[in-house]
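Everything on this sheet refers to the single structure shown next.
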Amino acid sequence: MQRQKRSQVQAMSKRSPNSSSPPPWEVLALLAHHLDPKSLGLASCVSKLWYMCMASDHIWKPFCMSHYPSLSNLKITHPFVSYHRLYAMAYVAAKLRARGPSEPQFSIDSLIFDIHILGTKDNHPIVKIAKPGNEFCYDHNGLFRFDFGANNYECLSSVNKMLEGVKITWNVVLKDWSAAFTMMDYEGKVRYSPGSKGWFSQELPRPRCCSSDSTSGIVADLKLEFYSEKDCGDKVRVDKIVPLLLGRNTEILTSVSTDDCYAVIVHLRWGFKISSNNQEQTWMLPLLSARYSIPSGFNLDEFLGEWPN
Amino acid sequence: MSSSTDSPTLTTETTQLSPQPDTETAKPTKKITLKSSDNQIFEVEESVAMEFATVKSFFEDSPSSTDIVPLPNVTAKPLSQVIEFCKEQIKFKANPDEAQKKKYNAEFLTEKSDKDLVDMIPVANYLEIKDLLDVLNQAVADRIENKSVEYVRNFFGIDNDFTAEEEAALRREHAWAYEGVDED
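Quick note, the sequences are listed as chains A and B, same order.
Going by my numbering, the first residue of the first sequence is number 7, and it counts up by one from there.
Going by my numbering, the first residue of the second sequence is number 107, and it counts up by one from there.
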């Protein structure tokens, strides 16, 4: 209490005796009629009294009705939402829609794809690849997909035609070492035999809100193919590794952009969570608006807050 | 409604009580004395003082008053500027010339400092000079258009009475308005 009083006194003494007295509410109410929506929005943040005067329904109703008649309708079904809030939501929604997806934050050149496959039986590494994104040539059918021949990697010894356990980790790393995202962390089985193919599929975690789907609809797939060489005896080699990101609704992947690079970036944005900068917001928006058609006014901060660090 | 029977008498009374045109022609330069809160005396022509609705109703309540009119909420500087403005408006009333009036108003406003404008607003409000209040509000609105919250606070000398949390929440809520604000 006392401290509050003192700060009030200080605030008053800051001004010289003949300095202006702040406008009373009845003047503010008049002033409000002379301001455009943006200035009104800013004016609402000046002080409590200003908020009362500048955010009032009768000021915002005409703006809301003339600019965004459709959202204004919500006032009828939800009388407690303010016109001021509806206007802000509609404004942001209109802007997002006009802007479309923002530029990719990183190009595929700034990524390293790190794939590690380990035989779980004897912890024998089968594949260790760290490939910079710019070395890929990728498929142009609207899917983010690339093959890489792996025949120069590990030669594995297997006489066994039984299924064997493998542990697969697929990370995407930003070249500046600021972040990594795990696309796949999976234990499965594969038959080490010529001509056999191992498919590994793992769905990316789904967003915890704003989607009624029980799945994210985005799947990381990895295909492993083996072959044998005549002089290798019982040995087989890993022929091909095909990491693939697949949207359950592939239309979205193809319609976002025909540029594969762009499509994956969109998904990575969805997946990456880097703390400390507010760029997160721009990362998330394109995908969210494209895939989930989030309600406008949806609080991204809260959404981001749900992501594990 | 018992008063309905009284109404005819009332109207006759009011018609009788209108000798104003005569007094105005007889004493065209009647002066009215105003006193600001910092004890400065202003002598203004009655026609100018009648632009001030507050002063006008003061004389309507006590028509025969010859006292000095005290204006306890008004300091000398903004009062003198308000009087200056109203004097000109009287001239335009006599000789309507919209273009000239607009030009005068614009010049009057542009040469005033931010502080002058802010100080005149409560005066115009207190004296109930609607036209002036209108142009002042428009001028102030133009000056704070698309300016930052801090700029507006500074402009009007307003203390931020939000807590840090409240302010952060407002800022988030109004992020759309904060975008692309002019430099202070």
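For glycine and all other residues, C-beta sits at the position ideal for the given N, C-alpha and C.
What you are looking at is a predicted structure, and each value in this text was computed from that prediction instead of being measured.
Hey, is A:Y97's beta-carbon within less than 7 Å of any beta-carbon in chain B?
For A:Y97, the answer is yes, since a Cβ of chain B falls inside 7 Å of its Cβ.
With a Cβ-Cβ cutoff of 7 Å, do B:L238 and B:A230 count as a contact?
Their beta carbons are under 7 Å apart, which means B:L238 touches B:A230 by this criterion.
According to DSSP, is A:H40 part of a helix, a strand, or is it coil?
Reduced to three states, the DSSP call for A:H40 is coil.
Per the contact definition of three or more C-beta pairs closer than 8 Å, is the stretch 50–62 of chain A in contact with the stretch 31–39 of chain A?
Short answer: they touch.
In chain A, what lies closer than 8 Å to B:R249 by C-beta?
In chain order: nothing, as chain A lies at least about 10 Å away.
7 Å Cβ cutoff, A:H122 in contact with chain B:
For A:H122, no CB of chain B lies under 7 Å from its own CB, so it is not counted at the interface with that chain.
For B:A350, go through chain A and note every residue whose CB falls closer than 7 Å to its CB, in chain order.
The requested residue 350 of chain B is not part of the displayed model; chain B covers only 107 to 290.
Distance between beta carbons of B:F164 and B:V175, contact taken as under 8 Å:
Rounded, the Cβ-Cβ distance is 6 Å, consistent with contact.
Since I believe A:L48 is in contact with B:V258 (beta carbons under 8 Å), could you give me their beta-carbon distance rounded to a whole number of angstroms?
That belief holds up - the Cβ atoms of B:V258 and A:L48 are roughly 7 Å apart, short of 8 Å.
Just the C-alpha distance for B:F148 and B:L215, rounded to the nearest angstrom, thanks.
Within the model, the alpha-carbon separation for B:F148 versus B:L215 is close to 22 Å.
Contact set between B:Q86 and chain A, taken where Cβ atoms lie within less than 8 Å:
Nothing in the structure corresponds to residue 86 of chain B, since chain B is present only between 107 and 290.
Beta carbon of B:K253 nearer than 7 Å to that of B:D203:
No Cβ-Cβ contact shorter than 7 Å links B:K253 with B:D203.
Classify B:E194 as helix, strand or coil using the three-state DSSP reduction.
If DSSP states are grouped into helix, strand and coil, B:E194 belongs with the helices.
For chain B, find out if any of its Cβ atoms is closer than 7 Å to the Cβ of A:A94; answer yes or no.
It does; some Cβ of chain B falls within 7 Å.
CA-CA distance, B:W282 and B:F158?
Between the alpha carbons of B:W282 and B:F158 lies a gap of roughly 41 Å.
Considering only the alpha carbon of each residue, which of A:Y57, A:H40, A:D42, A:W31 lies closest to B:A275?
Of the listed residues, the one whose Cα sits closest to B:A275 is A:Y57.
Against chain A, with Cβ distances strictly below 7 Å, would B:I264 count as a contact?
Under the Cβ distance rule, B:I264 counts among the residues neighbouring chain A, one pair being separated by less than 7 Å.
I'd like the span of the beta strand (DSSP E) that includes B:K137, first residue to last.
Its beta strand (DSSP E) spans residues 137–142.
Could you please give me the residues that DSSP links to A:V196 through a beta bridge?
DSSP lists A:E170 as partners of A:V196.
Tell me the rounded alpha-carbon separation between B:K199 and B:S153.
Using only the alpha carbons, I get a separation of about 11 Å.
Per DSSP, what kind of secondary structure is A:H318 in: helix, strand or coil?
Residue 318 of chain A lies beyond the range of chain A shown here (7 to 315); nothing can be said about it.
Please decide whether B:N211 counts as near chain E, where near means a Cβ-Cβ distance under 7 Å.
Any reference to chain E falls outside this structure, whose protein chains are A and B.
Taking only three categories from DSSP, how would you classify A:S207?
Looking at A:S207 - three-state DSSP - the assignment turns out to be strand.
Contacts that B:L276 makes with chain A (C-beta to C-beta distance below 8 Å)
Within chain A, the residues near B:L276 are S50, C51, Y57.
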